[in-house]
Amino acid sequence: MTLSATSFQLVADLVRRRSAIQLTPGKEYLVESRLLPLARDAGVDLETYVASLRTARPDVLTEVVEAMTTNETSWFRDGAPYQAMRRTEIPRLVEARRGVGRLRVWSAACSTGQEPYSLAMCLAETLPPAMSAEIVATDLSEQVLERARSARYTQLEVNRGMPAQMLVQHLRRVGTEWEIADELRRMVTFRAHNLLDTPPPGPFDVVFLRNVLIYFDLATKRGILDRVLRVLRPDGVLVLGAAETTLGVHDGWERVTIDRTSVYRPLGAAVTTIPTPREPLAATGTDGPPGTTLPRGPLTVHRTGHHAGTPPTSVRPTGGAAR
Amino acid sequence: MTATTVELDQVHAIAQEVFAAMVDGDLGLLLPWDGALPALEDAIVAWVDLHGAWSGRAVLVTERPTAEDLARALLDLDDDEAVSPADLDDAFGEIANVVGGNLKSLLPDPGTLGLPQVGAEVPPVAGAVRAQHLPLSWRGRLLVVDVWVNPGGTSTTSTTGGTR
Amino acid sequence: MRALVIDDSRTMRRIVAGTLERLGFETLQAEHGQEALDHLESGEQVDLACIDWNMPVMDGLTFVTKVRANPAWRNVTLMMVTTESEHGQIVRALAAGAHEYLIKPFTPDAIRDKLDLLGLVPVEEPA
Chain A
1 MTLSATSFQL VADLVRRRSA IQLTPGKEYL VESRLLPLAR DAGVDLETYV
51 ASLRTARPDV LTEVVEAMTT NETSWFRDGA PYQAMRRTEI PRLVEARRGV
101 GRLRVWSAAC STGQEPYSLA MCLAETLPPA MSAEIVATDL SEQVLERARS
151 ARYTQLEVNR GMPAQMLVQH LRRVGTEWEI ADELRRMVTF RAHNLLDTPP
201 PGPFDVVFLR NVLIYFDLAT KRGILDRVLR VLRPDGVLVL GAAETTLGVH
251 DGWERVTIDR TSVYRPLGAA VTTIPTPREP LAATGTDGPP GTTLPRGPLT
301 VHRTGHHAGT PPTSVRPTGG AAR
Chain B
324 MTATTVELDQ VHAIAQEVFA AMVDGDLGLL LPWDGALPAL EDAIVAWVDL
374 HGAWSGRAVL VTERPTAEDL ARALLDLDDD EAVSPADLDD AFGEIANVVG
424 GNLKSLLPDP GTLGLPQVGA EVPPVAGAVR AQHLPLSWRG RLLVVDVWVN
474 PGGTSTTSTT GGTR
Chain C
488 MRALVIDDSR TMRRIVAGTL ERLGFETLQA EHGQEALDHL ESGEQVDLAC
538 IDWNMPVMDG LTFVTKVRAN PAWRNVTLMM VTTESEHGQI VRALAAGAHE
588 YLIKPFTPDA IRDKLDLLGL VPVEEPA
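Residue numbers (the numbering used here), protein chains in the order written: chain A, 1 to 323; chain B, 324 to 487; chain C, 488 to 614.
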């Protein structure tokens, strides 16, 4: 029951086109084990199933690609953006939204949920008692959204980028898996959304749009960034993937360097559709366009000596290894 | 009192994760065994004892050549590299250790894990029943994971002899 | 950078040491906590210890406790690598002074992620 070379190549090409993941020769067993259940469901043998992919509907192809692609999703991906959120952006936005009492966050390519739940952990640990947060988490695939809503992760999944302190503070064991705490789950709403469509209702204070623009051409990227700009507060923040930038793509953004990462804020008065008045910040901190009293331009944040992602409250004894 | 607190799908999930992470690298090649079970020739068995709310034993059974290939996968050896008996016991035993350790964490109270042991057959434990039986196919070869439970709740204390 | 891999399984030591070496570490091995302490006491410079929990002679939790009790070893990063995965066990290990915790089974990527969290930046893999 070994897959023919032609069939293997067909699947490898499909996967590479859709996900940039390379299936090199030697991984035939991988394709067989992953696609056999799908072939069985379809009531045909594997070769027949793969042959049928030449003329299959898009949703069938998506199913195949999803079955074949490794889950690369990790928690607090790349680390530095979440540090920047904790140390700079969340405190800044909290100050600016005291009158509102709430921050709104959009996780725009949320996949199986690690990103929005990572954000929820950051917010739970840094928001003052008077502030709440709402996270809207969207993805194209209803399948991954269902997984995300279940808020359950395997041991292998929680091993990826989750500081042990966070694990014990924010998750609990359920059978062989780990489940996100209820108070964090309540912060997140998952819904299906196509980035080519009108965004979920804003305004948002924070948008995470990470590692998804790469799948689109330049014109489409611009359109997506336009739509994000429309629902982001003028003093809000956009966070992209580690290797991504708005430079050369969309000129409505200002790049701000915070420690080892860059975030993006709407440039000046480029936004025309958010109906908030453009007045100087009132001392009472009402819901105007705050932030005008804050320094603009590059910020530097001093690195402190503790581990990345270590929460302020800790079960660790004080003292010990200085890092 | 229930005889077991582990479900078959949990045993399966654990086995899949162990193989995905440590044997096959990222994606698992472990499938449910399809069809009749062949008799195992030159069988090798690895087991760990679990002591907790219930006492039990996690057992892995396969044929020696399959276990050798498992060891090669774990130790990153070439297909034609010889696997020493000591390496074979250590590697196969470690798989049983990790499977057993994860099963232990399903027990309601924190339990303890014995040292892994490897042999040609498992010494029987009086009074134990086979609570879960999971025949699997690893690259087309039979590997069985069994979970035995001692419903009395007392320790199965087999010898924990056999240093690694 | 140097790592001390502590596990009573030769297989597991090889897997962990192999991954760390590919990430640019020099590695030492120990079969249990006492052997590991002997390495430290003999003056070996160790930046990272990867520690199994269940070992004969001296278990991982005891080793962690002893290391954290000695100011001379305050710069040794301690990461448990173990099948012990109950919530309470992880809390115990962190309370005893472990800096990180990796649950078995793990992938090489998971080790790398933990090293990133710990600020022990690995060298890029050779091409």
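Glycine included, C-beta positions come from ideal geometry on N, C-alpha and C. Quick caveat: nothing in here was measured; it's all calculated off a predicted structure.
Quick one: using the 10 Å Cβ neighbour count with 16 as the cut-off for buried, is residue i buried or exposed?
{"i": "A/Ala243", "result": "exposed"}
{"i": "B/Gly437", "result": "buried"}
{"i": "A/Thr198", "result": "exposed"}
{"i": "B/Thr435", "result": "exposed"}
{"i": "C/Ile502", "result": "buried"}
{"i": "A/Ala322", "result": "Reliability fails at A/Ala322, whose pLDDT of 37 lies under 50, so the model's placement of it is uncertain and the value that follows must be treated cautiously. Classification for A/Ala322: exposed."}
{"i": "A/Ile332", "result": "In the structure as shown, chain A starts at 1 and stops at 323, and residue 332 of chain A therefore has no counterpart that could be examined."}
{"i": "C/Ala517", "result": "buried"}
{"i": "B/Pro439", "result": "buried"}
{"i": "B/Val452", "result": "exposed"}
{"i": "A/Thr55", "result": "exposed"}
{"i": "C/Leu608", "result": "The sequence given here has Val at residue 608 of chain C, not Leu. Exposed, since its Cβ has fewer than 16 Cβ neighbours within 10 Å."}
{"i": "B/Glu444", "result": "exposed"}
{"i": "C/Arg579", "result": "buried"}
{"i": "A/Leu119", "result": "buried"}
{"i": "A/Asn211", "result": "buried"}
{"i": "A/Asp139", "result": "buried"}
{"i": "A/Pro37", "result": "exposed"}
{"i": "B/Gly423", "result": "buried"}
{"i": "A/Val237", "result": "buried"}
{"i": "C/Tyr588", "result": "buried"}
{"i": "A/Ile214", "result": "exposed"}
{"i": "B/Leu360", "result": "exposed"}
{"i": "A/Ser4", "result": "exposed"}
What first and last residue would you give for the alpha helix (DSSP H) that runs through residue i?
{"i": "B/Phe415", "result": "Pro408 to Lys427"}
{"i": "A/Phe190", "result": "It is not in any alpha helix (DSSP H) - A/Phe190 instead sits in the beta strand (DSSP E) that spans Val188 to Ala192."}
{"i": "A/Pro116", "result": "Gln114 to Thr126"}
{"i": "C/Asp596", "result": "Pro595 to Leu605"}
{"i": "C/Gly547", "result": "Gly547 to Arg555"}
{"i": "A/Tyr49", "result": "Leu46 to Ser52"}
{"i": "C/Gly575", "result": "His574 to Ala583"}
{"i": "A/Asp59", "result": "Pro58 to Met68"}
{"i": "A/Tyr82", "result": "Ala80 to Ala84"}
Going by DSSP, what residues sit across from residue i in a beta bridge?
{"i": "A/Met162", "result": "Answer is none; A/Met162 lacks a bridge partner."}
{"i": "A/Ile258", "result": "A/Thr261"}
{"i": "C/Met567", "result": "C/Ile538 and C/Tyr588"}
{"i": "A/Trp178", "result": "A/Tyr153 and A/Arg173"}
{"i": "A/Ile135", "result": "A/Val105 and A/Val188"}
{"i": "C/Ile493", "result": "C/Ala517 and C/Ile538"}
{"i": "A/Pro266", "result": "A/Trp253"}
{"i": "B/Leu457", "result": "B/Val468"}
{"i": "B/Leu436", "result": "B/Leu373"}
{"i": "A/Leu232", "result": "A/Phe204"}
{"i": "C/Leu616", "result": "The question about residue 616 of chain C has no answer, for chain C in this structure spans 488 to 614."}
{"i": "A/Leu240", "result": "A/Leu209"}
{"i": "C/Asn562", "result": "None; C/Asn562 has no bridge partner."}
{"i": "B/Gly442", "result": "B/Val368"}
{"i": "B/Val452", "result": "B/Val472"}
Locate the beta strand (DSSP E) running through residue i, then write down its first and last residues.
{"i": "A/Phe204", "result": "Phe204 to Leu209"}
{"i": "B/Thr385", "result": "Ser378 to Glu386"}
{"i": "A/Val100", "result": "Per DSSP, A/Val100 belongs to no beta strand (DSSP E) and is neither H nor E."}
Contact between the segment 218–233 of chain A and the segment 196–205 of chain A is defined here as three or more beta-carbon pairs at a separation below 8 Å; is this criterion met?
yes
Cβ pair count under 8 Å reaching 3, the segment 53–62 of chain A against the segment 82–93 of chain A
no
Is the segment 145–158 of chain A touching the segment 80–89 of chain A, taking contact as three or more C-beta pairs under 8 Å?
no
Do the segment 342–358 of chain B and the segment 399–408 of chain B make contact, defined as three or more Cβ pairs closer than 8 Å?
no
Just to confirm the assignment: which complete beta strand (DSSP E) runs, minimum length 3, are found wholly within the segment 336–376 of chain B?
353–355 and 366–374
Would you be able to state if there are at least three C-beta pairs under 8 Å between the segment 383–393 of chain B and the segment 361–369 of chain B?
yes
Given 8 Å, three or more beta-carbon pairs between the segment 595–604 of chain C and the segment 159–167 of chain A
yes
Contact between the segment 521–535 of chain C and the segment 411–429 of chain B is defined here as three or more beta-carbon pairs at a separation below 8 Å; is this criterion met?
no
Pair every Cβ in the segment 546–566 of chain C with every Cβ in the segment 116–136 of chain A, then say whether three or more of these pairs are closer than 8 Å.
no
Are the segment 542–551 of chain C and the segment 511–527 of chain C in contact at 8 Å, needing three or more beta carbon pairs?
yes
Using 8 Å as the cut-off, can you tell me whether the segment 416–423 of chain B makes contact with the segment 489–499 of chain C, which would need three or more C-beta pairs spanning the two stretches below that distance?
yes
Pair every Cβ in the segment 452–472 of chain B with every Cβ in the segment 404–411 of chain B, then say whether three or more of these pairs are closer than 8 Å.
no
I want to know whether the segment 167–179 of chain A touches the segment 40–57 of chain A - three or more CB-CB distances under 8 Å.
no
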